[in-house]
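Engineer: Below are the structure tokens for one structure; questions will follow.
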Amino acid sequence: MRIAFLILLIACIYTNAAFGQAVFREREIFPLQEKHVHSSSIVECANGDLLACWFHGSGERKANDVKVQGARLKKNADAWSSVFIMADTPGLPDCNPVLFIDNQKRLWLFWMVVQANRWETSILKYRLSTDFEGDGVPKWTWQDIIILQPGDAFATTVEQVYKQLEPEEPIWAEYAPSYTRMLIEAAKDSRKRQTGWMTRSHPLILPSGRILLPLYSDGFNFSLVARSDDSGETWHPGQPIIGFGPIQPSIVRKNDGSLVAYMRDAGDAPYRVLMSISADDGLTWSPAIDTDILNPGSSLEVIRLKDGRWAMVYNDTEDGRHSMAIALSDDEGESWKWKRHIGRANKSEKSYAYPSLIQAKDGLLHLSYSYRGTDRKTIKHVVLNPDWIMQTGNNY
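In this note's numbering, the protein residues as written are 12 to 407.
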């Protein structure tokens, strides 16, 4: 009888610890330093290790010493490993890395290499590894570039959607071509629409096995989703996601099979998270429209949790990256009932930006993001659970 009671007591303690208590832990992946570090990505390996990567260098567009770095957090370890190099194209900047583990348990590293210090001429690259759970750098087995070939339908879609969003030309268009007209003309150039597609958020695997790779262009200032139906052997572009500055999409799948892309607002006021819908597994997308979620022109990520709820990490202001929050939705994005801040500061003091979000096998959420103090920078790692988000009474 006493043994049975002890077993029940232990089970209750475990249940309360796993499901009833808030969890929040934060650490620096590496010490604060002076170089520019940005755009991290994080994944969980099958053995419970975490891998993270980011780009590091003297800047972004003009600095040619930029490379992709990474580090590993061994399961149950208290500190991240020493930093190692994940990718470095000599003499060119390597930016916006994204980590992804596919259904074949292969690790992908996507990133872009900036040509001529212009993001609109970037080249999309990737590496593959089947041996990445040891210490240090993953052992890469393959590397290649991805060249997408959007056809004439790309240009047609761009023109049709902009006419739908802005049916009349501004009165001054006769003297200075409107911005949308310039994009419509650029979309007709097959060279321009083949280059400059850049990564930011995690890919999504659909129930069919299709892989969706979210991309965006600084040249066009809108987004596109590449798809692969052969486990990444080939990639094909869908039709673009058109709007007034919808970039860096993060995609989540609804119960009815439709897809929702949430995007950074790189357009004009009002500054809001933009949203687009696909009803055909990412081939075509509705025009991107404003939500009521604030966005200062900064990246975000949305994921579907194991229990069906959605989690979004984003900067919840219109005027800077000095505040970053995580929100929960229990109705597939119709509302975000719970929100809690990862960090907040005065506008000039700190910056929290470019989150990468996953849910681990144990249900905990892992977040990496770019952190800047007054003059020093790092990538931070946060571990939390939904219970912590829902404790809004002591929100900070």
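For each residue, glycine too, the CB sits at the ideal point set by N, CA and C.
(1) Could you say which of Gln-160, Leu-223, Met-401, Glu-177 lies nearest to Asp-200 if we only look at CA atoms?
(2) Please work out which residues of its chain come closer than 7 Å, Cβ to Cβ, to Thr-141, disregarding the five sequence neighbours upstream and downstream, and give them in chain order.
(3) From the DSSP secondary-structure annotation, give me the bridge partner or partners of Gln-7.
(4) Can you tell me which of Arg-387, Ser-93, Val-313 puts its alpha carbon nearest to the alpha carbon of Lys-46?
(5) Note down the Cα distance separating Asp-342 from Arg-320, rounded to an integer number of angstroms.
(6) If you drop the 5 nearest sequence neighbours on each side, which residues of the same chain put their C-beta closer than 8 Å to that of Asn-357?
(7) With DSSP as the reference, label Ile-390 as helix, strand or coil.
(8) Helix, strand or coil for Leu-217, going by three-state DSSP, please let me know.
(9) Since I believe Phe-111 is in contact with His-213 (beta carbons under 8 Å), could you give me their beta-carbon distance rounded to a whole number of angstroms?
(10) Buried or exposed: Ser-93, going by 16 or more other Cβ atoms within 10 Å of its Cβ?
(11) What does the alpha-carbon distance come out to for the pair Glu-244 and Arg-211?
(12) Using beta-carbon positions only, say whether Pro-273 and Gly-344 come within less than 9 Å of one another.
(13) With three or more C-beta pairs closer than 8 Å as the rule, is the segment 235-243 touching the segment 300-314?
(14) Can you give me the Cβ contacts of Glu-329 inside the same chain, cut-off strictly under 6 Å, excluding the 5 residues immediately before and after it?
(15) DSSP three-state call for Phe-165: helix, strand or coil?
(16) Assign Ile-158 to one of two classes, buried (16 or more other C-beta atoms within 10 Å of its C-beta) or exposed (fewer than that).
(17) Can you tell me which of the three DSSP states Ala-22 falls into?
(18) For Ile-253, name the three-state secondary structure that DSSP assigns.
(19) How long is the line joining the alpha carbons of Ile-182 and Trp-122, rounded to whole angstroms?
(20) Just to confirm my understanding: we take Arg-383, look at its own chain, exclude 5 residues before and 5 after, and list those with CB closer than 7 Å. What are they?
(21) For Lys-350, which of helix, strand or coil comes out of DSSP?
(22) What's the C-alpha gap between Glu-71 and Leu-135?
(23) Determine the direct distance from the alpha carbon of Glu-55 to that of Asp-398, and round the result to whole angstroms.
(24) Under the rule that 16 or more other beta-carbon atoms within 10 Å means buried, what is His-377, buried or exposed?
(25) Which one or two residues does DSSP pair with Arg-275 in a beta bridge?
(26) Opposite Asp-142 in the DSSP bridges: which residues?
(27) Is Val-172 helix, strand or coil by DSSP?
(28) Using the Cβ count rule (16 or more neighbours within 10 Å means buried), how would you classify Ile-258?
(29) Based on Cα-Cα distance, which residue from Pro-42, Ala-33, Glu-37, Arg-36 lies nearest to Tyr-389?
(30) Go ahead and label Gly-68 buried or exposed: buried means 16 or more other beta carbons lie within 10 angstroms of its beta carbon, across all protein chains shown.
(31) According to the Cβ coordinates, are Phe-35 and Val-313 closer than 9 Å?
(32) Rounded to a whole number of angstroms, what is the C-alpha to C-alpha distance between Leu-375 and Glu-196?
(33) When the Cα atoms are used, what is the spatial distance from Lys-350 to Leu-316?
(34) For the beta strand (DSSP E) containing Thr-300, list its first residue and its last residue.
(35) Between the segment 82-96 and the segment 58-68, do at least 3 Cβ pairs fall closer than 8 Å?
(36) Could you please give me the residues that DSSP links to Met-286 through a beta bridge?
Structural biologist: Well, looking at it:
(1) Translated into positions along the sequence shown, residue 200 becomes position 189. Among Gln-160, Leu-223, Met-401, Glu-177, the Cα nearest to that of Asp-200 is on Gln-160.
(2) Here residue 141 refers to the residue found at position 130 of the sequence shown. Within the same chain, Cβ atoms closer than 7 Å to the Cβ of Thr-141 are found at Arg-117, Thr-152, the five residues on either side in sequence being excluded.
(3) Outside the displayed span of the chain (12 to 407) sits residue 7, for which this structure offers no information.
(4) As a first step, residue 46 must be located in the sequence shown, where it is residue number 35. Checked all of Arg-387, Ser-93, Val-313; the closest Cα to Lys-46 is Arg-387.
(5) Here residue 342 corresponds to residue number 331 of the sequence shown, with the count starting at 1. Here residue 320 corresponds to residue number 309 of the sequence shown, with the count starting at 1. Going by C-alpha positions, Asp-342 is about 7 Å away from Arg-320.
(6) Numbered from its first residue, the sequence shown carries residue 357 at position 346. Correct list, in chain order: His-333.
(7) Taking the first residue of the sequence shown as position 1, residue 390 is located at position 379. Correct three-state label for Ile-390: strand.
(8) Along the sequence shown, read from residue 1 onward, the residue named residue 217 stands at position 206. It is coil, neither helix nor strand.
(9) Here residue 213 refers to the residue found at position 202 when the sequence shown is read from its first residue. Here residue 111 refers to the residue found at position 100 when the sequence shown is read from its first residue. The Cβ separation is near 6 Å, so the contact holds.
(10) The residue labelled residue 93 in the question sits at position 82 within the sequence shown. In the assembly as shown, Ser-93 is an exposed residue. Its beta-carbon has fewer than 16 other beta-carbons within 10 Å.
(11) Numbered from 1 along the sequence shown, position 233 holds the residue referred to as residue 244. Numbered from 1 along the sequence shown, position 200 holds the residue referred to as residue 211. Taking C-alpha positions only, Glu-244 is separated from Arg-211 by approximately 21 Å.
(12) Counting from 1 along the sequence shown, the entry for residue 273 is found at position 262. Counting from 1 along the sequence shown, the entry for residue 344 is found at position 333. The question names Pro, but residue 273 in the sequence shown is Tyr. Their beta carbons are under 9 Å apart, which means Tyr-273 touches Gly-344 by this criterion.
(13) The segment 300-314, when compared against the segment 235-243, does not touch it at the 8 Å Cβ threshold.
(14) Residue mapping note: residue 329 aligns to position 318 of the sequence shown, counting from 1. Excluding residues within five positions, the ones whose Cβ falls inside 6 Å are Tyr-282, Leu-305, Pro-307.
(15) One-based indexing of the sequence shown puts residue 165 at position 154. The answer is helix: DSSP assigns Phe-165 an H, G or I state.
(16) The sequence position of residue 158 within the sequence shown is 147, counting from 1. Ile-158 counts as exposed, since fewer than 16 other C-beta atoms from the protein chains shown sit within 10 angstroms of its C-beta.
(17) Residue mapping note: residue 22 aligns to position 11 of the sequence shown, counting from 1. Residue placement at Ala-22 is poorly supported in this model, since its pLDDT is 36, which falls under 50; the coordinates still yield a value, given next. Here Ala-22 sits in helix by DSSP.
(18) Walking along the sequence shown from the start, residue 253 turns up at place 242. Correct three-state label for Ile-253: coil.
(19) Along the sequence shown, read from residue 1 onward, the residue named residue 182 stands at position 171. Along the sequence shown, read from residue 1 onward, the residue named residue 122 stands at position 111. With a pLDDT of only 46 at Ile-182, under the threshold of 50, the placement of this residue in the model should not be trusted; the figure read from the coordinates follows. Rounded to whole angstroms, Ile-182 to Trp-122 spans 41 Å at the Cα level.
(20) As a working note, residue 383 is residue 372 in the sequence shown. The beta carbon of Arg-383 is closer than 7 Å to those of Lys-361, Ser-362 in its chain, skipping five residues each way along the sequence.
(21) The count along the sequence shown starts at 1 and reaches residue 350 at position 339. It is a strand residue.
(22) Working through the sequence shown from its first residue, we reach residue 71 at position 60. Working through the sequence shown from its first residue, we reach residue 135 at position 124. Cα to Cα, the separation comes out at about 16 Å.
(23) Reading the sequence shown from its first residue, position 387 is the one you call residue 398. Reading the sequence shown from its first residue, position 44 is the one you call residue 55. So the two alpha carbons sit approximately 21 Å from each other.
(24) To locate residue 377, count along the sequence shown from 1; it is residue 366. With 16 or more Cβ atoms within 10 Å of its Cβ, His-377 is classed as buried.
(25) In the sequence shown, residue 275 corresponds to position 264, counting from 1. Ile-258.
(26) Position 131 of the sequence shown holds residue 142. In the DSSP output, where bridge partners are listed per residue, Asp-142 has Lys-150.
(27) Here residue 172 corresponds to residue number 161 of the sequence shown, with the count starting at 1. Correct three-state label for Val-172: helix.
(28) Residue numbering aside, residue 258 sits at position 247 when the sequence shown is read from its first letter. Counting of Cβ neighbours within 10 angstroms places Ile-258 among the buried residues, the total reaching 16 or more.
(29) Working through the sequence shown from its first residue, we reach residue 389 at position 378. What sits at residue 389 in the sequence shown is Thr, not Tyr. Looking at the Cα atoms, Pro-42 is the closest of the given residues.
(30) Counting from one through the sequence shown, the residue named residue 68 turns up at place 57. With 16 or more other Cβ atoms within 10 Å, it is buried.
(31) Translated into positions along the sequence shown, residue 35 becomes position 24. Translated into positions along the sequence shown, residue 313 becomes position 302. No, Cβ-Cβ distance for Phe-35 and Val-313 is not below 9 Å.
(32) Looking up residue 375 in the sequence shown gives position 364. Looking up residue 196 in the sequence shown gives position 185. Answer to the nearest angstrom: the Cα atoms are 47 Å apart.
(33) Counting from 1 along the sequence shown, the entry for residue 350 is found at position 339. Counting from 1 along the sequence shown, the entry for residue 316 is found at position 305. If I take the Cα positions, the gap works out to 16 Å.
(34) Start at 1 with the first residue of the sequence shown, and residue 300 comes out as number 289. Strictly speaking, residue 300 in this sequence is Ile, with Thr absent from that position. Residues 300-305.
(35) Yes, the segment 82-96 is in contact with the segment 58-68.
(36) Counting from one through the sequence shown, the residue named residue 286 turns up at place 275. According to DSSP, Met-286 bridges with Tyr-273, Ile-300.
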